[in-house]
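For the record, in the sequence shown the residue sitting at position 62 is 91 according to the numbering used here, with numbers rising by one throughout. Beta carbons: idealized from backbone N, C-alpha and C, even for Gly. Fair warning: this is a prediction, and the values are worked out from it, not measured in the lab.
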Amino acid sequence: MLQQVSDAALPKAMSAMEKFGVPRKIVSFVIPTGYSFNLDGTSLYLSLAAIFVAQAAGIHMTFGEQLMIAFTLMITSKGVAAVPRASLIILIATADQFGLPTFVIAAILGIDELMDMARTSVNVIGNCLATVVVAKWEGEFDEEAPFRDENEQQTELNS
């Protein structure tokens, strides 16, 4: 469900970024790319969930082990695009790989639907922020666009 909800927000996010002052050519490249590679909400959630699993099982992990799990989850979370509940499968596989008990993940299952909404929000906000950063980096961000009325913006978009 994670990416399905994010995918539903894609046209609205693209439209909002154009109205915000980001050129269409940057919006049409950065936001769709971010939907596949910039899953920061998913990465954060998976890292915290893995640490929760270790704490719930009473397993002490060194700082290096925690960093290694976070790095592994950042890499493996890139494959969750448009696959419902894929984040749970990635969490189970990573927990098993690092010797964490997978039965604790059943406790997370009950709140996963709520967490899905938070992951999606962070993913969409992150993609929109990345779009503005790239536009500013390229020197093409129109800082006055958010303050113009909609009639002026439509005239500019149509021309």
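Counting only unbroken stretches of 3 or more residues, no beta strand (DSSP E) element lies wholly within the stretch 98 to 180.
Annotated three-state conformation of proline 52 is coil, per DSSP. Short of 8 Å from the beta carbon of methionine 90, and not among the five residues preceding or following it, lie these beta carbons of its own chain, in chain order: Ile80, Ala83 and Ile98. Using a 10 angstroms sphere on the CB of arginine 53, the tally of other CB atoms stays under 16, which defines it as exposed.
In the three-state reduction of the DSSP assignment, threonine 91 falls in the coil class. Note on glutamate 47: 16 or more other CB atoms within 10 angstroms of its CB, so buried under the neighbour-count rule.
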